[in-house]
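Below is one structure, written out as structure tokens; the observations come after it.
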Amino acid sequence: MTRFSFDLHATDGTARTGKITTPRGEIRTPAFMPVGTAATVKAMLPESVRATGADILLGNTYHLMLRPGAERIARLGGLHKFMNWERPILTDSGGFQVMSLADLRKLTEEGVTFRSHVDGSKHHLTPERSMEIQRLLGSDIVMAFDECPALPATDDEVARAMRLSMRWAERSREAFGDRPGHALFGIMQGGVTRELRKESAEALKAIGFEGYAIGGLAVGEGQEAMFGVLDYAPGFLPEDKPRYLMGVGKPDDIVGAVKRGVDMMDCVLPSRSGRTGQAWTRRGQVNIKNARHADDPRPLDEHCTCPACTGYSRAYLHHVFRAGEMISGMLLTWHNLHYFQEIMEGMRQAISEGRFAAWEAEFHAQRADGDIERL
Ligand SMILES: [Zn+2]
1 MTRFSFDLHA
11 TDGTARTGKI
21 TTPRGEIRTP
31 AFMPVGTAAT
41 VKAMLPESVR
51 ATGADILLGN
61 TYHLMLRPGA
71 ERIARLGGLH
81 KFMNWERPIL
91 TDSGGFQVMS
101 LADLRKLTEE
111 GVTFRSHVDG
121 SKHHLTPERS
131 MEIQRLLGSD
141 IVMAFDECPA
151 LPATDDEVAR
161 AMRLSMRWAE
171 RSREAFGDRP
181 GHALFGIMQG
191 GVTRELRKES
201 AEALKAIGFE
211 GYAIGGLAVG
221 EGQEAMFGVL
231 DYAPGFLPED
241 KPRYLMGVGK
251 PDDIVGAVKR
261 GVDMMDCVLP
271 SRSGRTGQAW
281 TRRGQVNIKN
291 ARHADDPRPL
301 DEHCTCPACT
311 GYSRAYLHHV
321 FRAGEMISGM
331 LLTWHNLHYF
341 QEIMEGMRQA
351 ISEGRFAAWE
361 AEFHAQRADG
371 DIERL
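Under the UniProt record's numbering, the first residue of the sequence shown carries the number 1, and numbering increases by one thereafter.
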């Protein structure tokens, strides 16, 4: 049986490219993971998500445990079969979303008690239960249960949450057990404080994980502060294991993170933006709602090979958005996911050929041009 492994192929400065191998397929890194919150990447068929170039999806433990329930998904053959995606799936631990979405949370050393934002039902989530849910789902990459403190938080509060998360990481490792072909990732916390990040990384390395996430960023601290942490935090983690930056981000966040040594990322941005009329292109953000597109026969991006750009005009995309037609969200989501994957492929190529700096300069130059002139 194929085991979970990570091979680094090339580095260029601190940027890295490589490959994660799992029994369900390979993940080329740096990798962008589209988010399939409720067992679907909204507005996309799984084969369409694959066609954009995605090797792996992310599923949300919190959402799936509440609806339709992890035990039910397990009875139906696991999440891959349930959602018709046979390639790798990473699931988060539920911790972050309990803190951001659930009602009446009560946090103790043992875990978190909360009420569902869906129906008000009461639930208890612990490191052990999170591992059990992620096993029931059949996740290939399982995340340790952690606490990400809500911002703004004091240094003492960030330190307390980090140390609790490290004790939970140990309990997660214990509960995960021995599962060949599956991986458990630990999550570094510590806010924007170098000493706390270092302490967290040391604690995780002492436990030992198949991969390491950098958590507690992209939670409102701003790009400058995030890059400030990424200037040192990846270097605290083992070189021979994948590094995953959770919840990032916009195209320029992704490029800056890869430049600093991150291998994996996930974000709802391309799919969420696609449903609200926002497109991301090589030349920046395009608001398809804007009246300037109403008579424009040109594609969103003449160089893009996605179905939205090869088959439809800006005028059509504008019209279907204004008319509230479902195809609007479908086409823009497809384009956005395609563009995000194109960025990843461009970076993988550039890193393997030792020309990441030139690629990055071109990426920023194209964005600085802004969208094409109106007709
Ligand atoms: Zn396109």
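No residue lacks a Cβ here, since even glycine has one placed at the ideal position from N, Cα and C. Quick caveat, the model's predicted, so the values are computed rather than measured.
Selection from the options that minimises the alpha carbon distance to residue i
{"i": "Q366", "options": "V41, I343, L58", "result": "I343"}
{"i": "S271", "options": "R194, E302, R87, L337", "result": "L337"}
{"i": "G13", "options": "L107, E353, R374, F6", "result": "E353"}
{"i": "G186", "options": "T91, E71, Q349, R50", "result": "T91"}
{"i": "residue 388", "options": "D231, G222, G177, R243", "result": "Residue 388 is absent from the model: the chain starts at 1 and stops at 375."}
{"i": "T17", "options": "M330, G370, V255", "result": "V255"}
{"i": "L196", "options": "D155, R275, M131, V248", "result": "D155"}
{"i": "L40", "options": "L64, K19, G177, G346", "result": "Note that residue 40 is Thr in the sequence shown, not Leu. The shortest C-alpha separation from T40 is found at L64."}
{"i": "M330", "options": "A350, Q285, A279", "result": "A279"}
{"i": "A150", "options": "M131, R283, A218", "result": "A218"}
{"i": "G111", "options": "S93, L101, H117, T310", "result": "S93"}
{"i": "V320", "options": "I288, E345, M347", "result": "I288"}
{"i": "V35", "options": "A153, A183, M83, A10", "result": "M83"}
{"i": "V262", "options": "L230, A291, T305", "result": "L230"}
{"i": "W85", "options": "H123, P46, H117", "result": "P46"}
{"i": "S48", "options": "G324, P307, M131", "result": "P307"}
Enclosing alpha helix (DSSP H) for residue i [first to last residue]
{"i": "N336", "result": "326-352"}
{"i": "C309", "result": "307-311"}
{"i": "F145", "result": "Counting along the chain, F145 falls outside any alpha helix (DSSP H), and DSSP gives it neither H nor E."}
{"i": "L300", "result": "Note, L300: premise wrong, no alpha helix (DSSP H); not H, not E."}
{"i": "residue 384", "result": "The structure shown does not extend to residue 384, since the chain spans only 1 to 375, so no value can be given for it."}
{"i": "G228", "result": "223-230"}
{"i": "V112", "result": "From DSSP, V112 is part of no alpha helix (DSSP H) but of the beta strand (DSSP E) over 112-115."}
{"i": "Q97", "result": "95-101"}
{"i": "K198", "result": "194-207"}
{"i": "I214", "result": "Segment 211-214 is the beta strand (DSSP E) holding I214; no alpha helix (DSSP H) there."}
{"i": "E26", "result": "Taken as a continuous stretch (DSSP letters only), E26 belongs to no alpha helix (DSSP H), being part of the beta strand (DSSP E) at 25-29."}
{"i": "I73", "result": "70-75"}
{"i": "Q134", "result": "127-137"}
{"i": "A161", "result": "155-176"}
{"i": "L317", "result": "314-322"}
C-beta atoms of residue i and residue j nearer than 9 Å
{"i": "T29", "j": "M264", "result": "yes"}
{"i": "R194", "j": "P234", "result": "no"}
{"i": "A315", "j": "H335", "result": "no"}
{"i": "G190", "j": "M226", "result": "no"}
{"i": "D119", "j": "G181", "result": "no"}
{"i": "S172", "j": "G215", "result": "no"}
{"i": "G211", "j": "E147", "result": "no"}
{"i": "P88", "j": "T2", "result": "no"}
{"i": "G25", "j": "Q341", "result": "no"}
{"i": "R298", "j": "I207", "result": "no"}
{"i": "F145", "j": "A201", "result": "no"}
{"i": "M99", "j": "L58", "result": "no"}
{"i": "V192", "j": "E157", "result": "no"}
{"i": "D296", "j": "L375", "result": "yes"}
{"i": "V286", "j": "L269", "result": "no"}
{"i": "R275", "j": "K42", "result": "yes"}
With 16 other Cβ atoms within 10 Å as the buried cut-off, status of residue i
{"i": "N60", "result": "buried"}
{"i": "G277", "result": "buried"}
{"i": "D240", "result": "exposed"}
{"i": "S328", "result": "buried"}
{"i": "H364", "result": "exposed"}
{"i": "T281", "result": "buried"}
{"i": "H318", "result": "buried"}
{"i": "A15", "result": "buried"}
{"i": "S5", "result": "exposed"}
{"i": "T333", "result": "buried"}
{"i": "Q349", "result": "exposed"}
{"i": "L76", "result": "exposed"}
{"i": "M131", "result": "buried"}
{"i": "R167", "result": "exposed"}
Opening and closing residue of the beta strand (DSSP E) in which residue i lies
{"i": "W85", "result": "Here W85 belongs to no beta strand (DSSP E), and DSSP marks it neither H nor E."}
{"i": "A59", "result": "Correcting the residue type first, residue 59 is Gly in the shown sequence and not Ala. It spans 57-59 - the beta strand (DSSP E) in which G59 sits, taken as one unbroken run."}
{"i": "M246", "result": "Neither: M246 is in no beta strand (DSSP E) and is coded neither H nor E."}
{"i": "G274", "result": "Not the beta strand (DSSP E): G274 falls in the alpha helix (DSSP H), residues 269-275."}
{"i": "S5", "result": "5-12"}
{"i": "I20", "result": "15-22"}
{"i": "A54", "result": "Careful: A54 lies outside any beta strand (DSSP E) and carries neither H nor E."}
{"i": "residue 382", "result": "Residue numbering for the chain in the displayed model covers 1 to 375; residue 382 lies beyond these limits and cannot be assessed."}
{"i": "I187", "result": "183-188"}
{"i": "T281", "result": "278-281"}
Assumed close pair residue i, residue j - CB separation to whole angstroms, cut-off 8 Å
{"i": "L79", "j": "L125", "result": "About 18 Å; that fails the 8 Å criterion."}
{"i": "E109", "j": "A175", "result": "Between A175 and E109 the Cβ distance is about 15 Å, and since that is not below 8 Å, they are no contact."}
{"i": "I56", "j": "A31", "result": "6 Å"}
{"i": "R115", "j": "L104", "result": "5 Å"}
{"i": "C267", "j": "G247", "result": "6 Å"}
{"i": "G370", "j": "W359", "result": "Not quite, the Cβ-Cβ distance comes to about 20 Å (not below 8 Å), so this is no contact."}
{"i": "M143", "j": "A257", "result": "So it is not a contact: roughly 18 Å between Cβ atoms."}
Distance cut-off 8 Å: residue i Cβ against heavy atoms of ligand 3
{"i": "T305", "result": "Here the bound small molecules are ligand 1; ligand 3 is not part of this structure."}
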